[in-house]
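Residue numbers (the working numbering): 1 to 232.
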């Protein structure tokens, strides 16, 4: 059995019931006026089995497999009280190149700080290697920016092509990375004018505010952001 065949079996049969239970628990936990007994009926979840399956699924390039792994990692961090399980969820998020979610979980006290110190030497080295692999260099500042797979492919391709078309699901960090790349490009080249087209007036305002904020933090660029149509 190949890894892809194993992953397909895991999603369709192996852990399907536990993942379906995770979905129900997550939905119920987000709704008010739901009796706690109805949530408890879904427990217990076999977390060791799910974490092992999630680690395998995280290695797949298929979106359905990665979404299942992400659901497992998110459930481990938000639904389980055991810190070792939450730590395992954080490691799984890191395997999915989702370091920003780990940072968010830390800020919400879902994960105890100093995760690296609680990991064994092998896991610690693997995590550090992934952090290096899943980063891009901002040439103008010499800093490394943590990115996911899509962001890394975009960044590497944008610097070596005269034009580029890219698409990705919502919340994959498209806008954030494009603006980061744009500022870095303008600081490192002679480019001084850039046009950013947005499909809605609300998005125009959002892009203007974010770009203005990023420009305020970046040194070496003098200029301003003009929008059309202007905000009302």
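Don't be surprised by glycine CBs; every beta carbon is placed ideally from N, CA and C.
Since we're looking at a predicted model, the values are computed, not measured.
Mapping the DSSP letters down to three states, classify residue i as helix, strand or coil.
i	result
residue 144	strand
residue 204	helix
residue 15	coil
residue 123	helix
residue 31	coil
residue 136	strand
residue 24	helix
residue 173	coil
residue 159	coil
residue 100	helix
residue 7	helix
residue 213	helix
Would you tell me roughly how many angstroms separate the C-alpha atoms of residue i and residue j, rounded to the nearest one?
i	j	result
residue 181	residue 155	7 Å
residue 55	residue 19	14 Å
residue 216	residue 206	15 Å
residue 40	residue 22	Only weak support is given to the placement of residue 40: the predicted model assigns it a pLDDT of 49, under 50, and the value that follows is read from those uncertain coordinates. When rounded, the distance between both Cα atoms is 12 Å.
residue 132	residue 126	10 Å
residue 66	residue 168	14 Å
residue 178	residue 204	14 Å
residue 198	residue 183	17 Å
residue 224	residue 60	43 Å
residue 166	residue 195	17 Å
residue 3	residue 214	42 Å
residue 89	residue 190	44 Å
residue 115	residue 105	12 Å
residue 103	residue 210	20 Å
residue 226	residue 208	8 Å
Residues in its own chain within less than 8 Å of residue i by CB, not counting five upstream and five downstream?
i	result
residue 14	53
residue 130	94, 95 and 97
residue 85	47, 51 and 76
CB-CB under 7 Å to residue i, same chain, minus the five flanking residues each way: which ones, in chain order?
i	result
residue 123	91
residue 68	11, 19 and 57
residue 135	144, 145, 146 and 147
residue 83	112
Residue i and residue j look like a contact to me (Cβ under 8 Å); what is the Cβ gap, rounded to whole Å?
i	j	result
residue 93	residue 64	Going by Cβ atoms, the distance from residue 93 to residue 64 rounds to 18 Å, so no, they are not a contact pair.
residue 187	residue 140	4 Å
Once the 5 residues before and after residue i are set aside, which same chain residues still bring their CB inside 6 Å of it?
i	result
residue 44	none
(message) For the structure I just gave you, are there three or more beta carbon pairs, one from the region 144–151 and one from the region 96–104, closer than 8 Å?
(response) yes
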